[in-house]
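J.: Its first residue numbered 24, the sequence shown is counted upward by one per residue in the numbering used here. Think of the CB as a built atom: it goes at the ideal place given N, C-alpha and C, for glycine as much as any other residue. For clarity, every value in this text was computed on a predicted model and none was experimentally measured.
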Amino acid sequence: MIKSSKCIIVSFPHHLDHLVPISYYEKIPLVVCNPKTQEALLEFYPWVPFTMMNQFEGLGKIDEIISTSTSETPIKGLHEALYQKAPLMVRYHHGYSDKVQDFSSYDKVLFYKDFPNHRLRFYHEFRDLMVKKAKLFLPKKRGQSPLLVTLTWDSPEHTKNLETLLKHPKKDLFLFRIHPIRAEKTLEHILLEAKHGLQLLSHECPYIYPFLEFAKGVLTDRSSIGYDALYFQKPLMVLDDVPLKKFSESSIDSWIEACLNSEKIVDHRYMYHQIFG
Numbered sequence: 024m025i026k027s028s029k030c031i032i033v034s035f036p037h038h039l040d041h042l043v044p045i046s047y048y049e050k051i052p053l054v055v056c057n058p059k060t061q062e063a064l065l066e067f068y069p070w071v072p073f074t075m076m077n078q079f080e081g082l083g084k085i086d087e088i089i090s091t092s093t094s095e096t097p098i099k100g101l102h103e104a105l106y107q108k109a110p111l112m113v114r115y116h117h118g119y120s121d122k123v124q125d126f127s128s129y130d131k132v133l134f135y136k137d138f139p140n141h142r143l144r145f146y147h148e149f150r151d152l153m154v155k156k157a158k159l160f161l162p163k164k165r166g167q168s169p170l171l172v173t174l175t176w177d178s179p180e181h182t183k184n185l186e187t188l189l190k191h192p193k194k195d196l197f198l199f200r201i202h203p204i205r206a207e208k209t210l211e212h213i214l215l216e217a218k219h220g221l222q223l224l225s226h227e228c229p230y231i232y233p234f235l236e237f238a239k240g241v242l243t244d245r246s247s248i249g250y251d252a253l254y255f256q257k258p259l260m261v262l263d264d265v266p267l268k269k270f271s272e273s274s275i276d277s278w279i280e281a282c283l284n285s286e287k288i289v290d291h292r293y294m295y296h297q298i299f300g
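1) Whole angstroms are fine: how far does the CA of Glu80 sit from the CA of Lys183?
2) Please return the same chain residues whose Cβ sits closer than 8 Å to the Cβ of Leu39, not counting the five positions on each side in sequence.
3) Ignore the nearest five residues each way along the sequence and tell me which others in Gln222's own chain have a CB closer than 6 Å to its CB.
4) Determine the burial state of Gly249: buried for a count of at least 16 other Cβ atoms within 10 Å of its Cβ, exposed for fewer.
5) Answer with buried or exposed for Asn234, where buried requires no fewer than 16 other C-beta atoms within 10 angstroms of its C-beta.
6) Tell me which residue opens and which closes the beta strand (DSSP E) that Cys30 is part of.
7) Cβ of Pro258 within 9 Å of Cβ of Glu236?
8) Our contact map puts Pro171 next to His219 with C-beta atoms below 8 Å; I'd like the distance itself, whole angstroms only.
9) Should Ile31 be counted as a contact of the ligand PLP given a C-beta to heavy atom distance under 8 Å?
10) For Ala252 and Lys84, I'd like the C-alpha separation in whole angstroms.
11) Closer than 6 Å by C-beta to Leu53: which residues in its own chain qualify, once you throw out the five before and the five after it? Chain order, please.
12) With which residues is Ile213 paired in a DSSP beta bridge?
13) With burial defined as no fewer than 16 other Cβ atoms inside 10 Å of the residue's Cβ, what is the status of Trp70: buried or exposed?
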């Protein structure tokens, strides 16, 4: 039975990877705000039910709205004006880079501990479908598994980190996944591909678990992808000074060496809570 007193609002395709599994397993209606996110759902999650905002008949009954972006908080005022009641705005924390500076506009904040790891469960259940779609986004004619580089959009060290990677003699081993916000605002992905000839993983695909499984290692700054990489037991390098760094290799060179020498076969039934507690 659908829990009609709550709904999940999603405005950005790259938030689907976090919110779709919660909607699917908690049976909370997934409400989509725009055609771009609708297109991504139909392309990458065609088996998942959702409703467009302008067609959601149960909106007036909603007591809680779960979202991952402050751009969605004005919905509370609109809801109050239309239905004479203000629902609780609930923030679902979706990564370390989701720091607390904008949580004040919410009534409640949920963290990973508030739900089981539905993302991992979802990936296990639909892995074959997701891998089939994900392979279309991997660069062609690779000689080996990529070393995945995932830089976020708001790291204060982003420019410095990027320059360091571009100067590295083994940069041809890297597969860059630029954060969708940065890609769309700065067109950095075009510069990296055209000027530097780097291999890019399209930011249009909201999945991350298939690419973590394909990669031989992960390099990031402050992305939640780093935490997810621990599950797959791949060598991890963290550039920014964040808590995740304690799981990291000591340098880019040591990370590359660990990636190239890693032949470990990972049992993907390994339980997530054994890493995260």
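T.: If we stick to the structure as given:
1) 49 Å
2) Val33, Thr60, Ala63, Leu64, Phe67, Tyr68 and Pro229
3) Pro162 and Leu198
4) buried
5) Before going on, a small fix: residue 234 reads as Phe here, not Asn. So Phe234 counts as buried.
6) Lys29 to Val33
7) no
8) In the sequence as displayed, the identity of residue 171 is Leu instead of Pro. In fact, because the Cβ distance is near 17 Å, the residues do not count as touching under 8 Å.
9) Only the bare structure without any ligand can be found here, which leaves the ligand PLP out of the picture.
10) 39 Å
11) Ile31, Ser46 and Phe73
12) Answer is none; Ile213 lacks a bridge partner.
13) exposed
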